[in-house]
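**Student:**
Numbering (UniProt numbering), first residue to last: 1 to 484.
1) For residue 123, does the count of other Cβ atoms within 10 angstroms reach 16, so buried, or fall short, so exposed?
2) Between the C-alpha atoms of residue 2 and residue 45, what's the straight-line distance to the nearest angstrom?
3) Any chance you could list the beta strand (DSSP E) runs of at least 3 consecutive residues sitting entirely within the region 175-212, in chain order?
4) Can you check which of these residues, 436, 318, 56, 368, is closest to residue 339 by C-alpha distance?
5) Got a sec? Which residues, its chain only, sit under 6 Å from residue 440 by beta carbon, not counting five neighbours each side?
6) Which of the three DSSP states, helix, strand or coil, is assigned to residue 299?
7) Can you tell me whether DSSP reads residue 335 as helix, strand or coil?
8) Would you call the region 237-246 and the region 49-62 touching, i.e. three or more CB-CB distances under 8 Å?
9) Shortest alpha-carbon distance to residue 465 belongs to which of 63, 170, 96, 71?
10) Can you pull the DSSP bridge partners for residue 130?
11) Run through DSSP, which three-state label would residue 415 get?
12) How big is the Cα-Cα spacing for residue 201 and residue 37?
13) Go ahead and label residue 8 buried or exposed: buried means 16 or more other beta carbons lie within 10 angstroms of its beta carbon, across all protein chains shown.
14) To which residues of the same chain is residue 114 closer than 7 Å at the C-beta, ignoring the five residues directly before and after it?
15) Is the region 393-409 in contact with the region 241-255, if contact means three or more CB pairs nearer than 8 Å?
16) Straight-line CA distance for residue 180 to residue 67?
17) DSSP on residue 291, reduced to helix/strand/coil?
18) What does a CB cutoff of less than 6 Å around residue 306 pick up in its chain, not counting 5 residues either side in sequence?
19) Mark residue 58 as exposed unless 16 or more other C-beta atoms lie within 10 angstroms of its C-beta, in which case mark it buried.
20) On the DSSP letters alone, give me the boundaries of the beta strand (DSSP E) that residue 476 sits inside.
21) Output the distance between the C-alpha atoms of residue 348 and residue 382, rounded to the nearest integer angstrom.
22) Is DSSP giving residue 2 helix, strand or coil here?
23) Rounding to the nearest angstrom, what Cα-Cα distance links residue 156 and residue 63 in this structure?
24) Would you call the CB atoms of residue 454 and residue 447 closer than 8 Å?
25) Smallest Cα separation from residue 330: which of 106, 88, 90, 69?
26) Going by Cα to Cα distance, which pick from 152, 354, 428 is closest to residue 469?
27) Starting from residue 454, follow the beta strand (DSSP E) in both directions and report where the run begins and ends.
28) Determine the DSSP secondary structure at residue 464, reduced to helix, strand or coil.
29) Pairing CB atoms from the region 17-34 with CB atoms from the region 208-221, are three or more of them under 8 Å?
30) Quick check on residue 374: buried or exposed, where buried means 16 or more other Cβ atoms within 10 Å of its Cβ?
31) Could you check the C-alpha separation between residue 451 and residue 484 for me, to the nearest Å?
32) Which of the three DSSP states, helix, strand or coil, is assigned to residue 429?
33) From the DSSP output, in three-state form, read off residue 29 for me.
34) Pairs of beta-carbons, one from the region 274-291 and one from the region 255-263, closer than 8 Å: are there three or more?
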């Protein structure tokens, strides 16, 4: 069990300068289970005036932390990973209650996060500078030796989403700390409790006071204030494209890592292994009820193999269990009724415009059954909008070029899958796709976590992935030695 108290009953506190505190305003946000509406807990609703102290505290602590040898910073992250592994059952149970993630997936997220943190700690020791001599430059006669070091940026504002409140927080916090930054961490409101457990892990691991400050509250109340605060030196955000673009307009010259939305397509070519493609597509589309930026969100399939793929998809989808996360159901309630309402809008629009419903379109409050449509056209919202729910449209195309064209017309550019047995054609298609990553013969997904992860267009800015994140959260600093 955790050694220190960071809550009283169902009331959770914030972390400021090494102390767990409550808001002086007395205001709190209540977190209700998406499954049954039961109260999971209450978190502090920090005000703008209070938020300023979290930033100033992080500023004051950062310089001393940057002087700590990287091996010692890495040791703290290693220890945090070990504590996270120790507390996996406790935190997994919170994820089940707070965001309706089934227990198997919750445990997977936590163990994956621990692995990420261990790898980050080791990788931080290997992200080093370089030295250059002037005599390698043509015609340059002066004798100079350049020493390039990597130095931290300062205070990193980390903002995480509801769907992976542990993993997508740690993937920001751990690289920032290893690089010598201090962190102000703002978790989502729904998902805040699990994120506070993660903060407790880092606190117990020995992160010095002020180096990690964690505040909760509504983004509409403190989000803009934090993003535009002069004491914030860098912002790492995962969330919607709309909010990401808003952050970019407020951030000014601050470096950004933005992981935003997607409309990831699965392109299925005539020579694909249809059975294998179907398994990957179902796993990619319906894992965590489709509430993933990298979920497969549409199928672009050559007409000649559309029916065989449908015949392979439907039995797999019908095997998916629908119900409560406590029962390890494959499809669990969406995060809110509003989220389910939006998915229903897209479904109704597709039906109204002539899409063929193959399975699904059943709903029990915010529990949406897995839904597949055939004959989805460009005129339908489902062809372009990100549902963030368990609905999958099939768009029939004449050839690979038409599939590429439709994929590239999207405002998003996160990932695309290409299913084919022709490796030459796979690379030809991949080179033409305007996305951050192309998956050949597999579902769209993030990871392994040391791989680069990035999007183009409305899907993001900058490159994440353990080494890439450490580099993004530090900068080069040059010192030139001049010789006579």
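Cβ coordinates follow ideal geometry from the N, Cα and C atoms, glycine included. Predicted model only: the values in this text are computed from it and were never measured.
**Tutor:** On the basis of the supplied data:
1) buried
2) Caution applies to residue 2, whose pLDDT of 45 falls short of 50 and renders its modelled position unreliable; the value that the coordinates give is listed next. Whole-angstrom Cα-Cα distance: 24 Å.
3) 182-186
4) 368
5) 418, 426
6) strand
7) coil
8) No, the region 237-246 is not in contact with the region 49-62.
9) 170
10) 148
11) The three-state secondary structure of residue 415, taken from DSSP, is strand.
12) In a straight line, the C-alpha of residue 201 is about 28 Å away from that of residue 37.
13) exposed
14) 81, 84, 85
15) no
16) Looking at the two C-alpha atoms, the distance is approximately 8 Å.
17) In the structure shown, residue 291 adopts coil according to DSSP, grouped into three states.
18) 396
19) buried
20) 474-483
21) One alpha carbon belongs to residue 348, the other to residue 382, and they sit about 10 Å apart.
22) Residue placement at residue 2 is poorly supported in this model, since its pLDDT is 45, which falls under 50; the coordinates still yield a value, given next. Correct three-state label for residue 2: coil.
23) 13 Å
24) no
25) Scanning 106, 88, 90, 69 for the CA closest to the CA of residue 330 turns up 106.
26) For the residues 152, 354, 428, the minimum Cα distance to residue 469 belongs to 152.
27) Premise fails: residue 454 is in no beta strand (DSSP E) and is neither H nor E.
28) Residue state, collapsed to three classes: strand.
29) yes
30) buried
31) Whole-angstrom Cα-Cα distance: 45 Å.
32) helix
33) strand
34) In the pairwise beta carbon analysis, the region 274-291 is classified as not touching the region 255-263: fewer than three pairs are separated by under 8 Å.
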